[in-house]
Amino acid sequence: PPADPQLHHTGLTVADLERSVGFYTSLLGCTVEARFSVSGDAFGTVVGHDGASGQFVHLRSGGRRIELVEYEPAGTSREPAALPDPGGTHLAFAVDDVDAAVAGLPAAVDTLSEPRTTTSGTRLVFLRDPDGNLVELLEA
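Per the working numbering, residue 3 is the first one in the sequence shown, and the count goes up by one each step.
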């Protein structure tokens, strides 16, 4: 194995980069850390699509980095995996008050349910970003 691997970022492929940047910055308090483009033969090879290019935004939330990327040409949209499904993923954001956070969301933001307190004592809710990726808000 590599010596001392460190998590660098969590990446999400998005259909509309600016729409997603707006969601994560205005609703979840992320800040834009960097914007850049990548293209060329080497990039197309490593992402498995010859001729692909990408527009990237790195967001910062606390000490974590989220990478949003919009590919050209865009891939085929798919239904995101449900949480219990292998491959099901989500991002989790700690908030002081889940109920207040949900009350402040625009009506267009879909939640899976109303906030609930689990048997572990954690109050949480799941919502979907503009591309259907699951986002957890939890009191921590």
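Ideal Cβ positions, reconstructed from N, Cα and C, are used throughout, including at glycine. All of these numbers come straight from a predicted model, not from anything done at the bench.
DSSP, read as helix, strand or coil, puts Glu72 in strand. In this structure, the beta-carbon distance from Leu85 to Leu136 falls below 8 Å. Remark: three or more beta-carbon pairs, one from each stretch, lie closer than 8 Å, so the region 35-46 and the region 58-65 are flagged as touching. Collapsing the DSSP output to three states places Glu35 in a strand. Relative to Val49, the option among Glu74, Glu116, Ser115 whose CA is nearest is Glu74. Under the criterion of beta carbons closer than 8 Å, Gly90 and Ala96 do not qualify as touching, at roughly 20 Å.
Nearest to Leu93 by C-alpha distance, out of Glu116, Asp101, Val127, is Val127. Around the beta carbon of Ser115, fewer than 16 other beta carbons lie within 10 angstroms, which makes this residue exposed. In the structure shown, the three-state DSSP call for Leu126 is strand. The C-beta of Ser28 has fewer than 16 other C-beta atoms within 10 Å across all chains shown, which makes the residue exposed. Judged by DSSP in its simplified three-state form, Leu19 adopts helix.
Burial check for Ser22: the Cβ neighbour count within 10 Å reaches 16 or more, so the residue is buried. For the set Gly64, Gly42, Gly65, Thr121, the Cα lying nearest the Cα of Ala54 is the one of Gly42. For Val16, the closest C-alpha among the options Gly31, Pro4, Asp6, Thr78 is that of Thr78. Residue burial is scored here from C-beta neighbours: Asp131 has at least 16 other C-beta atoms within 10 angstroms and is therefore classed as buried.
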